[in-house]
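Counting from 0, one number per residue, gives the positions in the sequence shown under numbering that gives the first Met the number 0.
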Amino acid sequence: MNMKWIAAAICLCGELGMVSSGAVPAGNRDYSFIYFEQGYPTRLIGRRAESMANRTARANPDVVVQTGFYSLRLDCDTMRLSGYDAVQGSDYVTALNEDMTAFTAADLQLRIEKDGIAYTCTSGVVQDPEGQNMRLIQSGQFVQRFDHVGLVFTGANGEVLTKAGRLEITAWPEHVVFNLDLSGVVGVTKTGIQLTSPAGKIHRSVMMGTRTVLTLQPHLDQAFQSLEPSSHIKVHDSLQVDFDPIEQGLRIKLPMERVRFPADTNRLDEFVVELRNPSGSDRSIPLIFDEIQTRGITGTSMLLCEERDGRPTGIPVQISKNWHSKPGRKIVHDGPWLRGYTMVPLKAGETKRFRLRVVTGYWGKVPAVSYAQLSVIGYGGNWKWDESALGSWGESMCYDPSQHLGSSFITDVRPAFTTGNGEKSYEWTENVGGGDFLVYFDRSNTYRWTKRLKTAYRWTGPNMSEVLYSGVTDDDAIRFNYRIRSVRTADYHRRFHSYRYEFLKDVASPKRLVFHQMAADYYNSVQFDRFYLGGRHGLEAEYDCPTGTSGYTGTTVPFENRWLAIDDTTSSDRKRKTAKTRRGLLSIGSKLNDKPFPAYLHLHGVKGTGSATFDLSSDSVSRSYSAGDVVEGELEFILPPKTPDVYWGTDREFSGRLKSYGTNAWQAVADEFDHNIQLGVSVRSGRLERNYPVEIQALESGKVLADFTIERGGIGHVPILLRDVPLGCALKAERHLDGKWVPLESVEIDQNNYYQGVRNSDGTMDCVFNIKRPSHDLDDRWRVRILK
């Protein structure tokens with residue numbers, strides 16, 4: 000492990016106004032969201048026909064920022080700041096479904112002087128044939144950063160400057176930064192921002208030159224005063240710390256060394272930060288962890304831990320990153336870069352040391368999972384894109400919530416432990432992507448877009464990621480909530496997709512209403528020959544891929560307590576690579592109004608492609624629903640390798656089973672169903688809430704938080720989620736072997752570097768372990784306990 004030290008004594012004086020005076024538990028209000036109020040203004044060029052464009056969103060391209068302390072609304076075409084309000088927020092997860100409905104306008108004036116003539120920003124071009132001018136830079140729990148590169152200025156002489164400069168907005172939970180940047184525009188000698196709040200208070204920043212910055216706390220209607228690093232921070236070793244004048248946070252530059260695999264499978268970079276709050280009130284400190292050179296960028300996560308032994312604090316660290324660029328054309332905010340953001344709550348007068356752990360591929364000697372916002376500036380599209388990886392040698396699954404690039408929610412999907420594009424290990428692998436959640440055409444066959452789409456990155460790794468999405472359809476008929484989980488393991492890529500659809504209005508006789516898709520209407524180029532369906536007793540039926548068929552084929556099969564295995568042949572990459580894995584989909588459950596609700600797979604052919612989508616719905620995709628109905632369900636997705644010669648992972652139990660499969664195209668999916676979905680768990684201490692991933696409510700008192708037995712099964716590294724652990728505990732997992740309790744093998748128990756913990760709003764913490772069975776015999780029972 001690499002350890003570097005930085006002592007940062009951060010003096011937060013009362014007059015700095017870093018937070019409001021109201022005390023909140025453990026920084027509950029330290030969160031932020033960003034969304035287009037009417038949905039993403041669909042691109043002029045995309046995979047969908049122009050007739051399907053979201054014209055309401057194009058006509059009203061209004062961006063909303065929502066934090067625990069304030070909200071903003073920017074009308075991106077008129078450049079009016081139509082919302083500037085104080086908010087009494089709740090907590091990150093609760094606020095996901097608490098949309099802003101009331102806005103009070105402020106007056107925002109952007110002014111420049113060019114060649115001696117005064118100009119004022121009068122409008123904005125949201126998109127044109129050259130591309131999208133609203134660009135999302137960073138997005139996560141603590142920071143929403145975006146810019147508008149389509150500003151239009153009108154001069155005192157009537158001259159119009161189109162797409163001149165940019166307005167960048169960086170929103171932390173308690174302060175917002177307006178950055179007017181005219182760099183590169185010839186003749187500009189002065190820039191200015193003036194904001195008049197709804198209460199009539201004027202805030203102004205005017206600078207000679209091409210850039211000016213105005214930083215405010217909207218909920219207090221006052222300026223935010225920058226921190227002076229030389230007065231508040233002491234740096235040891237060679238680490239650099241400063242106050243970033245553009246992002247308005249304390250920035251710590253991380254000197255990361257190159258990552259090499261397999262040599263770095265036990266690597267963990269660590270940095271110690273000392274923070275002090277000498278003021279008379281509780282404060283939250285904004286920190287930026289900036290990698291000087293990006294390392295392991297596809298799969299990096301960060302953990303803020305207790306300095307003395309590495310136990311988790313539960314304070315999350317947002318990751319935002321970008322590796323995209325266009326050769327020969329450098330643009331602002333293209334890649335590569337990677338930054339971590341957090342806000343550390345400290346009590347009045349408190350001094351505390353933390354250990355920042357940077358995970359780049361492995362965690363506790365097992366491939367780690369990560370989930371983060373990936374900027375696509377430099378690639379195209381420019382709005383929200385999320386990327387999740389198992390390890391750090393390529394993507395595993397990507398999500399395009401607004402469907403602005405891939406025209407599907409689930410986009411690129413890749414295996415994790417198979418030989419890659421160069422036929423070697425630790426490489427990018429082929430793409431077998433495409434998938435979706437809600438597909439909704441109303442009774443008039445109009446596609447219904449989504450709006451007010453928000454994301455809560457609850458857990459971002461390294462043991463388990465859990466990311467939540469919410470929004471409503473553009474006809475205000477359905478509120479949706481999705482939960483996406485991925486887990487640390489060494490056998491193959493697996494993740495869990497759950498959905499909840501609350502019907503706000505009657506939805507009568509829709510032309511098509513689908514809960515979830517494997518492959519998507521506009522992302523479906525993975526080709527396959529056959530697919531297989533089975534359940535508790537193994538294979539039940541097999542089918543040929545439909546050819547020459549567009550639309551529903553008439554094949555509709557029950558999909559409750561069942562599995563689907565697809566024998567993929569060709570990937571969806573442009574070079575049409577051979578697929579080395581098979582997609583698998585497993586049913587976990589489906590409910591309507593808290594009662595069992597049979598789900599069905601409807602085969603939807605894609606003409607001329609040798610492919611199809613698998614649409615999960617009720618027995619009819621045109622079934623009606625009444626206001627107040629709630630549909631819920633969950634699926635597991637897996638991507639096991641086809642043959643032993645392409646698998647380089649280290650799970651010996653799986654390697655042995657893979658060799659036994661021979662040419663069998665469905666047994667790996669059946670095994671996942673039998674040995675994980677049907678996992679038998681008994682609990683001696685704690686309360687079992689779910690069998691897989693295993694979820695146990697921790698005991699409130701005593702040393703043992705949970706004591707449980709896996710009666711049979713458990714393949715891969717079994718995810719164990721322990722809920723409501725007392726904050727501040729160091730945990731230890733032990734096995735019961737030969738009548739004795741022994742420490743979990745192959746981990747550094749005293750360093751707490753094999754599990755994760757994230758704070759809950761009630762002051763407890765949820766902790767996640769991934770534990771391998773001790774024997775290769777899947778019928779053996781095995782017992783584990785977790786202590787504090």
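We put the CB at the ideal spot given by N, CA and C, even for glycine. Quantities reported herein were computed from a predicted structural model and do not represent experimental measurements.
Item                                                                                                                 : Value
Range of the contiguous alpha helix (DSSP H) that encloses residue 55                                                : 54-58
Residue 199, DSSP secondary structure in three states                                                                : coil
Identity of the residues DSSP links to residue 362 by a beta bridge                                                  : 365
Residues sharing a beta bridge with residue 682, DSSP                                                                : 707
Coil, strand or helix - residue 698 by DSSP                                                                          : coil
Own chain residues within Cβ distance below 7 Å of residue 296, not counting five before or after                    : 320, 322, 335 and 337
Assumed close pair residue 587, residue 635 - CB separation to whole angstroms, cut-off 8 Å                          : 6 Å
Simplified DSSP state of residue 242, which is helix, strand or coil                                                 : strand
Own chain, CB closer than 7 Å to residue 165, minus 5 neighbours either side, in chain order                         : 146, 147, 148, 150 and 180
Residue 867 (DSSP reduced to helix, strand or coil)                                                                  : The question about residue 867 has no answer, for the chain in this structure spans 0 to 787.
At least three beta-carbon pairs within less than 8 Å, the region 763-773 to the region 719-729                      : yes
Limits of the unbroken beta strand (DSSP E) element including residue 155                                            : Residue 155 -> no beta strand (DSSP E), and no H or E assigned at all.
Other residues of its chain near residue 351: CB distance less than 7 Å, five sequence neighbours each side excluded : 274 and 345
Beta-carbon proximity of residue 114 to residue 186, cut-off 7 Å                                                     : yes
Own chain, CB closer than 8 Å to residue 670, minus 5 neighbours either side, in chain order                         : 656 and 714
Pick from 676, 414 and 521 that is closest to residue 638, judged by C-alpha positions                               : 414
Range of the contiguous beta strand (DSSP E) that encloses residue 146                                               : 143-147
Close beta carbons around residue 36, own chain, < 6 Å, minus the five adjacent residues each side                   : 61 and 63
Distance between beta carbons of residue 240 and residue 355, contact taken as under 8 Å                             : So it is not a contact: roughly 13 Å between Cβ atoms.
Spatial distance of residue 7 from residue 581 (CA atoms)                                                            : Residue placement at residue 7 cannot be trusted, given a pLDDT of 41 that sits under 50; the coordinates are not used to answer.
Residue 156 versus 119, 162, 129 and 132, residue with shortest Cα-Cα distance                                       : 119
Residue interval of the beta strand (DSSP E) (run including residue 653)                                             : First-last for residue 653: 651-660, but that is the alpha helix (DSSP H), not the beta strand (DSSP E).
Delimiting residues of the alpha helix (DSSP H) encompassing residue 671                                             : 666-671
8 Å CB neighbourhood of residue 201 in its chain, flanking five on each side removed                                 : 193, 194 and 195
Chain C within 7 Å of residue 419, Cβ atoms only                                                                     : Absent from the structure: chain C. Only one protein chain is present.
Extent of the continuous alpha helix (DSSP H) run through residue 94                                                 : 91-94
Beta-ladder partner(s) of residue 109, from DSSP                                                                     : 192
Residue range of the unbroken beta strand (DSSP E) whose run includes residue 472                                    : 463-472
Own chain, CB closer than 7 Å to residue 306, minus 5 neighbours either side, in chain order                         : 271, 352, 353 and 354
Which residues DSSP lists as bridging residue 553, in chain order                                                    : DSSP lists no partner for residue 553.
Rounded separation between residue 678 and residue 773 - CA only                                                     : 16 Å
In chain order, each alpha helix (DSSP H) run of at least 4 residues that lies wholly inside the region 374-430      : none
Neighbour-count burial assignment, residue 167, 16 or more Cβ in a 10 Å radius                                       : buried
Neighbourhood of residue 431 by C-beta, 8 Å cutoff - its chain only, sequence neighbours within 5 removed            : 412, 413, 414, 525, 567, 570, 571, 578, 580, 582 and 638
Where residue 785 falls, given that 16 or more other Cβ within 10 Å makes a residue buried                           : buried
7 Å Cβ cutoff met for residue 406 and residue 509                                                                    : no
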